[in-house]
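Asks: Residue numbers (this note's numbering): 26 to 639.
We put the CB at the ideal spot given by N, CA and C, even for glycine.
Sending over a structure as structure tokens; questions will come in a sec.
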Ligand code: ADP
Ligand code: MG
Ligand code: ZN
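Structure (structure tokens):
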């Protein structure tokens, strides 16, 4: 229950309680009589007894009911009654008792009913005051960093051996650990140890993991905080948390401060909208101030991680701050095998499993994807009541991780299946017939995630750079599905929309970012800038005019147009092969590489893609 909800509930309960209390004070059967009514009762002889207490007259009637009458003080009861015209005999008939009005019981009886609500109110006010004070002290705690100190002993300990690949990053960080363990060695030689290390790498490349491994390796306190934790609802909290974090660190130096996802606070200043932007700016400024504030060799090392180094404020990257920058590359073939091996620990694998061939089939997977893959395979094996994970589980999991779960229930009707089959055959054939494309690995018309069908091509080797010609072929392959639908049905379904989106993005990047258009030359057009509140890449700093915008559009059109024409020409030329593949897909739903090559019956245009025959 959130504190607010709890307060509201408490308040409601209090009000109900007051109501009940007030109602019970005004107790039922005693009614008040006015003097005339009282006089009438005496006159008719209904009154059994009368007790006078100061200005209150308690009357008991013959039928047993009770009533109170108020009279002026200083006026006697008989005076009052004769004034309203009651006969003297009638008064005499009734026993009248006069009681001392100053008795403690009387006062208690008179005052308590009035006092009770006041007491209640005071009680409630006191209660709420206490609550508010409690909240205040919690607000005070906002200013504290709340950084978690990672325990270095115990089971969850992570060391460098738990991180595969990312060799340079590990070396760099091993050096840092070395310094923290024996600073003297470095200081004696006059070496200055970096204050800040920035880990940069795509999502899931193991930045957080590596930082935790540093914590496990180094025998020093390790403060872990995420960038977003600095930013709270209240202005100034972030800055004070930074202050607190560094104050704590200075007390425990040598130590490591780890700020994960630093882009949450470290974005370029002066580019935001609205209030929280000021807050980030203050937080960032405070980080800069603190990093300047301690001497290089006192043994505090700040490690930060981000997957958006491009949006970081340049001030963070200046010498003396995060001047060591470590890039975590996406894992290559060997790294992938090693990462798979790490995550295969504790999972019994069947004899047929070779992690190498799994690694070969997962180019572009990040460490997190691979960890996920192993886990999915184990789940799959468990669901099939196997005692070991077999290769099929692992292969099936690749596609699950890549494209989302199979949706066998997402049934297509016969027409839709035909269109999907032709569409996928189009992609596959174009890829098969282009000289630089990656080999077709698998085609399927089983829905997965949001795709109706899919064609998987796998690069033979990891590549870091790509040529313009390869991108042109990518475009052609992407439009292969669209072209096939158009050529074979002369109509288009919505199935091609994500292909088009991807193709457009590639074409735009070729023209505006990678200098791959002769017309526009080697220039970057439109520095893309993030607007935190508007989402990614919505805002583009247009640094070119209308004329250029038109040229860019023309160039993108030309690239897409050429790709489409090429794809269509290829498919029409090999019309029979497209039909064969589509028919095979209709029948078998999925074609693996060998089956596809057999059905096509034409050797791949890229000789490297030929099947290895042994
Ligand atoms: P990020 O770079 O986004 O911080 P993480 O460090 O959180 O990525 O990685 C997520 C998970 O992926 C890790 O917990 C780990 O299981 C796995 N992983 C990522 N990279 C590696 C790696 N190099 N070696 C082993 N496991 C890795
Ligand atoms: Mg992370
Ligand atoms: Zn497609």
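Just the Cα atoms here: how many angstroms apart are residue 630 and residue 459?
Replies: Distance between the alpha carbons of residue 630 and residue 459 is about 6 Å.
Asks: Between the Cα of residue 305 and the Cα atoms of 324, 282, 337 and 274, which residue gives the shortest distance?
Replies: When only C-alpha atoms are compared, the closest one is 337.
Asks: Beta carbon of residue 507, beta carbon of residue 454: below 8 Å?
Replies: Not closer than 8 Å, so no.
Asks: Beta strand (DSSP E) containing residue 479: first to last residue?
Replies: Unbroken beta strand (DSSP E) run through residue 479: 479 to 482.
Asks: Taking residue 220 as the reference, which of 314, 348 and 228 has the closest Cα?
Replies: Checking every option, the nearest Cα to that of residue 220 belongs to 348.
Asks: Cα-Cα, which of 67, 226 and 331 is closest to residue 118?
Replies: Here the closest residue by C-alpha is 67.
Asks: Quick check on residue 136: buried or exposed, where buried means 16 or more other Cβ atoms within 10 Å of its Cβ?
Replies: When all chains shown are included, residue 136 counts as exposed.
Asks: Could you tell me if the beta carbon of residue 462 falls within a distance shorter than 7 Å of some heavy atom in the ligand ZN?
Replies: For the ligand ZN, not one heavy atom lies less than 7 Å from the Cβ of residue 462.
Asks: Residue range of the alpha helix (DSSP H) that residue 404 falls in?
Replies: Residue 404 -> alpha helix (DSSP H) spans 392 to 408.
Asks: Let me make sure I understand the geometry here. Which of 402, 608, 427 and 361 has the alpha-carbon closest to that of residue 440?
Replies: Residue 440 has its Cα closest to that of 608, out of 402, 608, 427 and 361.
Asks: Give a single yes or no on whether residue 331 has its beta carbon closer than 7 Å to a heavy atom of the ligand ADP.
Replies: Every heavy atom of the ligand ADP is 7 Å or more from the Cβ of residue 331, so no.
Asks: Quick check: the Cα distance between residue 411 and residue 370, rounded to an integer number of angstroms?
Replies: Whole-angstrom Cα-Cα distance: 17 Å.
Asks: Tell me whether residue 291 sits in a helix, a strand or coil according to DSSP, three-state version.
Replies: The answer is helix: DSSP assigns residue 291 an H, G or I state.
Asks: From 94, 69 and 102, pick the residue whose C-alpha is nearest to that of residue 87; which is it?
Replies: Ranking 94, 69 and 102 by Cα distance to residue 87 puts 69 first.
Asks: Beta-carbon within less than 7 Å of residue 367's beta-carbon, same chain only, minus the 5 sequence neighbours each way: which residues are those?
Replies: Around residue 367: 187 and 189.
Asks: Which complete beta strand (DSSP E) runs does the stretch 494 to 535 hold, if anything under 3 residues is left out?
Replies: Listed in chain order, there is nothing to give.
Asks: Going by DSSP in three states, residue 620 sits in which element: helix, strand or coil?
Replies: In the structure shown, residue 620 sits in a helix (DSSP, three-state: H, G or I).
Asks: Among residues of its own chain, excluding the 5 on either side of residue 447, which ones have a beta-carbon nearer than 6 Å to its beta-carbon?
Replies: Cβ neighbours of residue 447 beyond the five flanking positions: 509, 513 and 607.
Asks: Which residue comes first and which comes last in the alpha helix (DSSP H) that contains residue 540?
Replies: Taken as a continuous stretch (DSSP letters only), residue 540 belongs to no alpha helix (DSSP H), as it is neither H nor E.
Asks: Reducing DSSP to helix, strand and coil, say where residue 434 ends up.
Replies: Coil.
Asks: Drop a sphere of 10 angstroms on the beta-carbon of residue 299, count the other beta-carbons inside from all chains shown, and report buried for 16 or more, exposed for fewer.
Replies: For residue 299, the pLDDT reaches just 48, beneath the cut-off of 50, and the residue's location in the model is therefore unreliable, leaving the point undetermined.
Asks: Look at residue 290 and residue 309 and say whether their C-beta atoms are less than 8 Å apart.
Replies: In contact: residue 290 and residue 309 (Cβ atoms closer than 8 Å).
Asks: Tell me whether residue 634 sits in a helix, a strand or coil according to DSSP, three-state version.
Replies: In the structure shown, residue 634 sits in a helix (DSSP, three-state: H, G or I).
Asks: Cβ-heavy atom distance between residue 524 and the ligand ZN below 7 Å?
Replies: Yes, the Cβ of residue 524 comes within 7 Å of a heavy atom of the ligand ZN.
Asks: Can you give the Cα-Cα distance for residue 521 and residue 466, rounded to whole angstroms?
Replies: Each residue's alpha carbon lies about 20 Å from the other.
Asks: Within this structure, are the beta carbons of residue 275 and residue 319 separated by less than 8 Å?
Replies: Closer than 8 Å, so yes.
Asks: Can you tell me whether residue 40 is helix, strand or coil according to DSSP?
Replies: Correct three-state label for residue 40: helix.
Asks: Given this structure, state the Cα-to-Cα distance separating residue 619 from residue 222, to the nearest angstrom.
Replies: Each residue's Cα considered, the two are about 48 Å apart.
Asks: First and last residue of the beta strand (DSSP E) that includes residue 186?
Replies: No beta strand (DSSP E) holds residue 186; DSSP gives it neither H nor E.
Asks: Tell me which residue opens and which closes the alpha helix (DSSP H) that residue 418 is part of.
Replies: Unbroken alpha helix (DSSP H) run through residue 418: 416 to 428.
Asks: At a threshold of 7 Å, does residue 229 count as lining the ligand ADP (C-beta to nearest heavy atom)?
Replies: Result yes, Cβ under 7 Å from the ligand ADP.
Asks: Do you know whose CA, among 474, 89, 102 and 142, lies nearest residue 40's CA?
Replies: Measuring from the Cα of residue 40, the nearest candidate turns out to be 142.
Asks: Pair every Cβ in the stretch 402 to 422 with every Cβ in the stretch 476 to 487, then say whether three or more of these pairs are closer than 8 Å.
Replies: No: fewer than three Cβ pairs fall under 8 Å.
Asks: Which residue comes first and which comes last in the beta strand (DSSP E) that contains residue 92?
Replies: Run containing residue 92: 91 to 95, per the beta strand (DSSP E) assignment.
Asks: With DSSP as the reference, identify every bridge partner of residue 374, one or two as the case may be.
Replies: Bridge partners of residue 374: 414.
Asks: Does the beta carbon of residue 448 fall short of 7 Å from some heavy atom of the ligand FMN?
Replies: The ligand FMN is not part of the structure shown, which contains the ligand ADP, the ligand MG and the ligand ZN as its ligands.
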